[in-house]
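Quick note on the UniProt record's numbering: the sequence shown kicks off at 1 and runs consecutively.
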Amino acid sequence: MIQVKNLTVRYPDMKTEALADVSLSLEKGDFVCVLGKSGAGKSTFIRCLNGLQKPTGGEIHFDGQDISFHNEEQLRKVRRQTGMIFQHFSLIPRLSVMQNVLTGMFGYRSSFKNLIGWFTAEELALAKKVIEDVGLSEMAYRKVEQLSGGQKQRVGIARALAQQPKVLLGDEPVASLDPGTSNHIFTLLTEMHERLNLLTIINVHDIELAKRYATRILALKDGKLIFDGPPEKFSDSQYRETYTSEPQTAYFDAGI
Ligand SMILES: Nc1ncnc2c1ncn2[C@@H]1O[C@H](COP(=O)(O)OP(=O)(O)OP(=O)(O)O)[C@@H](O)[C@H]1O
């Protein structure tokens with residue numbers, strides 16, 4: 001579904017690459033967790049997949065089409081097939097759950113309809129359905145600012161599902177949540193992933209969550225892909241390699 005070939009990103013003023021020569025193929029049904037310490041390139045990778053970040057080298061093929069050279073209009077079509085959830089939810093706090101979820105459909109509608117806020121019965125039924133799917137039916141008309149962090153992330157997931165996406169991307173969606181709530185969010189993501197036969201790609205810092213829920217782990221280090229495989233093959237030494245920086249290795253090696 002998504003083929004990444006020699007993907008490279010170098011931001012202006014950066015001495016090294018944020019992503020360096022990353023190649024892989026991502027298929028429907030993969031539930032991917034991307035690991036890597038802070039600055040490893042996880043967000044850059046996710047942002048490249050939905051065209052929010054232009055590669056400086058390499059190619060990204062989405063359903064066979066190279067999106068690296070797509071214009072804004074073409075990228076909009078790719079983006080509406082890729083639902084995205086965020087660490088800080090990116091919701092509109094003063095609007096209700098329902099209103100926030102309806103914004104997930106904006107990519108499919110005319111700017112005029114979005115401006116006047118008119119939705120068809122079908123669109124309203126879809127919004128109700130995804131709110132029910134994430135377990136928030138009772139709160140559909142409550143303002144988002146009155147919800148807990150876990151409930152807000154459920155709204156974020158419902159908004160992404162309202163896009164009827166093929167791909168679900170998450171940029172550290174549980175980083176602001178406690179461990180129990182994080183598990184509930186991952187359980188929900190797994191249910192939706194399976195029911196809708198999605199390709200799901202989630203950046204996460206918590207190795208335990210990745211091992212419990214992912215069908216495939218990617219590990220990035222200094223922009224390079226250093227592991228791509230099933231969770232059971234991600235060994236302790238690969239974990240250390242992913243999270244240890246070279247100076248620290250020298251520190252431990254010296255026995256200090
Ligand atoms: N807009 C930008 N302009 C310049 N440099 C950037 C930009 N965004 C990211 N970088 C740099 O690119 C590298 C990779 O950053 P990225 O945010 O992709 O890492 P990450 O693994 O998601 O980190 P974190 O876990 O802290 O979110 C870092 O060195 C970062 O400082």
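By construction, the Cβ of each residue, glycine as well, lies at the ideal position given by its N, Cα and C atoms.
Span of the beta strand (DSSP E), counted from its first residue to its last, around residue i
i    : result
A40  : Here A40 belongs to no beta strand (DSSP E), and DSSP marks it neither H nor E.
A175 : First-last for A175: undefined, no H or E at that position.
R216 : 216–221
I157 : No beta strand (DSSP E) holds I157; the alpha helix (DSSP H) holding it covers 149–162.
L225 : 224–229
E59  : 57–62
L136 : Per DSSP, L136 belongs to no beta strand (DSSP E) and is neither H nor E.
N6   : 2–9
L26  : 19–26
L199 : 199–203
The alpha helix (DSSP H) enclosing residue i, as first and last residue numbers
i    : result
M84  : Not the alpha helix (DSSP H): M84 falls in the beta strand (DSSP E), residues 82–86.
E208 : 207–213
Q238 : 236–243
T103 : 97–103
K77  : 72–79
Straight-line Cα distance separating residue j from residue i
i    : j    : result
A127 : K143 : 16 Å
Q87  : Y239 : 23 Å
D171 : I116 : 31 Å
D30  : T242 : 21 Å
S90  : G156 : 8 Å
N100 : R159 : 7 Å
N6   : D178 : 36 Å
V174 : G39  : 18 Å
K54  : P230 : 29 Å
L52  : H70  : 11 Å
P93  : Y141 : 12 Å
M139 : F119 : 20 Å
Cutoff 6 Å; reference residue i; Cβ partners in own chain excluding five residues on either side
i           : result
residue 271 : No answer is possible for residue 271: it lies beyond the span of the chain, which begins at 1 and ends at 256.
R212        : none
C33         : I202, V204, A210, A214, I217
S68         : P55, E59, I60
Counted within 10 angstroms of its Cβ, other Cβ atoms place residue i as buried (16 or more) or exposed
i    : result
G180 : exposed
F45  : buried
S43  : buried
K233 : exposed
K152 : buried
A254 : Any reading at A254 must be qualified, since the residue scores a pLDDT of 43, below 50, and its modelled position is unreliable; the value itself is stated next. Label assigned to A254: exposed.
M14  : exposed
N197 : exposed
I60  : buried
E145 : exposed
L124 : exposed
Q74  : exposed
I185 : buried
Candidates the options: closest to residue i by CA position
i    : options                : result
S148 : L124, F119, S182, K129 : S182
D133 : M192, I67, V22, I217   : M192
I201 : R47, E208, Y141        : R47
S245 : K37, A175, A158        : K37
P165 : G107, L177, W118, D21  : G107
A121 : G135, P230, L102, M139 : L102
R76  : A140, G104, I185       : G104
G64  : L35, V4, L199, T190    : V4
S23  : S237, S235, F227, D236 : F227
L220 : T16, K28, D21, L35     : L35
M98  : S111, G57, A162        : A162
Spatial neighbours of residue i in its chain, beta-carbon cut-off 7 Å, leaving aside the 5 residues before and after
i           : result
G18         : According to the sequence provided, residue 18 is Ala. The question's Gly does not apply to it. Only V9, R10, Y11, G41, T44, G223 meet the Cβ criterion.
residue 327 : With the chain covering only 1 through 256, there is no way to say anything about residue 327.
S137        : I131
I207        : L35, Y239
Contacting residues, own chain, Cβ-Cβ under 8 Å from residue i (five flanking each side not counted)
i    : result
D66  : E59, I60
L188 : V134, G135, R154, I157
Contact with chain B by residue i, beta-carbon distance below 8 Å
i    : result
T244 : The displayed structure is made up of one protein chain only, and chain B is not part of it.
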